[in-house]
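Numbered as in our numbering, the sequence shown ends at 109 without a single skipped number. Yeah, the Cβ is synthetic: ideal placement off N, Cα and C, and Gly gets one too.
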Amino acid sequence: MNERVSLSGAFAWHFANYEAKADWNLRDDLAHPVSFRHYADGYGLTLGLGLEYQLSSTWLLKLSYDYQNWQADDGSSYSYAASGGSGRTRLNEVNWRSHSALLSLGYQF
């Protein structure tokens with residue numbers, strides 16, 4: 001924008017493999033320590049915007065915002081019973097979104 005202020009942006013598209021496992025410790029009918037596992041292919045979008053201000057020749061101040069949106073579809077869910085049996089079902093979808101705002105102070109040397 002000028003010598004002291006700069007603006008930056010970022011965009012990324014990702015392909016991902018989603019894997020998860022968990023222990024439903026309050027369920028006696030499920031196996032422990034792994035009660036289920038999830039597997040799916042997914043994708044994600046990340047966006048970023050930053051504003052940087054040069055305070056002096058060595059100090060700078062930066063404000064940034066980041067957004068992420070990830071999704072996995074049509075996967076598999078495996079449940080494990082305490083009795084030793086297991087079952088497979090369709091994993092419909094998994095979603096995750098995040099927002100972050102960051103303020104940083106930097107020293108250049």
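Item, Value
"Chain-order list of residues whose beta-carbon lies under 6 Å from that of Tyr65 (same chain, five-residue window excluded)", "Leu49, Ala101"
"Rounded straight-line distance, which links the Cα of Phe11 to that of Lys62", "18 Å"
"Whether Leu105 touches His38 by CB criterion (8 Å)", "no"
"Buried or exposed (CB count within 10 angstroms, at least 16 for buried), Gly9", "exposed"
"Coil, strand or helix - Ser8 by DSSP", "strand"
"Three-state secondary structure assigned by DSSP to Trp96", "strand"
"Alpha-carbon spacing of Thr58 relative to Tyr43, whole angstroms", "39 Å"
"Rounded C-alpha distance that separates Asp29 from Tyr78", "15 Å"
"Run of the beta strand (DSSP E) containing Trp24, from where it starts to where it stops", "Taken as a continuous stretch (DSSP letters only), Trp24 belongs to no beta strand (DSSP E), as it is neither H nor E."
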